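See structure below.
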Amino acid sequence: MTNNDPNVIGWFYLEHLFNTKVMASIIRVDKGTETGVMATMHANLCQQHGDEMVPIETIIYGPFTSNQIERWWRELHEQLEKFFKHQLNFLKDQSYYDPYNSTHSGHTMYVFLSLWCKEVDIFVDVMWNSHRIRAQKNTFLPDGIPNHIYNFLKQYGL
1 MTNNDPNVIG WFYLEHLFNT KVMASIIRVD KGTETGVMAT MHANLCQQHG DEMVPIETII
61 YGPFTSNQIE RWWRELHEQL EKFFKHQLNF LKDQSYYDPY NSTHSGHTMY VFLSLWCKEV
121 DIFVDVMWNS HRIRAQKNTF LPDGIPNHIY NFLKQYGL
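Printed below as a string of structure tokens:
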């Protein structure tokens, strides 16, 4: 099961509707291929429900610039993935590494895995948990720096 599969996203959407018994009149989605089924289902359900809006107007397409998870993955890719891909491609180009050779793959995982985990921990601590989270409307979440919030819960009413 993957969240890149349009049918999985559609299933999650239907499950949400079933569990909450609430359907928004308008949803915002990005133009990723995985959201197409959900957008189609939403427009169809709105039309079947008797909403007066034109079905296509019940969907707003646009990037999720405030989506923290997408931002996290983008930053992780920029900071770490490119570095490790460069190292593996260098080894491959020099014929030191064959990704189809299970011995090479095992040795590479042995060498790189602990380094990768250490770098991810550093990234999370230095980059991610140190960035400022802006105040958000209609939430009970505190704004501030995640590490500070975690260490001083009472100051944030938690």
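Under the UniProt record's numbering, the first residue of the sequence shown carries the number 1, and numbering increases by one thereafter.
Note that CB positions come from ideal geometry on N, CA and C, so glycine has one too.
Source: prediction; values computed, not measured.
Coarse secondary structure for residue i, derived from DSSP in three states
i           : result
residue 197 : Outside the shown range of the chain, which is 1 to 158, sits residue 197, and nothing can be said about it.
I26         : coil
Y61         : strand
S105        : helix
N4          : coil
N19         : helix
V37         : helix
L14         : helix
D125        : helix
D93         : helix
F152        : coil
P99         : coil
E70         : helix
E78         : helix
Alpha-carbon to alpha-carbon, residue j and residue i
i    : j    : result
E119 : F83  : 11 Å
D121 : V54  : 48 Å
Q79  : V124 : 11 Å
I133 : Q155 : 16 Å
F112 : I149 : 32 Å
N147 : D98  : 41 Å
Y96  : N44  : 54 Å
T40  : H104 : 45 Å
R74  : Q48  : 38 Å
Y13  : Q94  : 47 Å
C117 : I56  : 45 Å
Y100 : L141 : 46 Å
Those residues which DSSP pairs with residue i across a bridge
i    : result
I133 : G144
Residue from the options with nearest C-alpha to residue i
i    : options                 : result
K31  : Q48, G50, H49 and P6    : P6
Y61  : T33, E15 and H86        : T33
L76  : N19, K137, L17 and V126 : V126
G144 : S130, K137 and N4       : S130
T58  : R28, E70 and R71        : R28
W11  : G36, N89 and A24        : G36
Residue i burial status per 10 Å Cβ neighbour count (16 or more: buried)
i    : result
C46  : buried
H86  : exposed
G106 : exposed
I9   : buried
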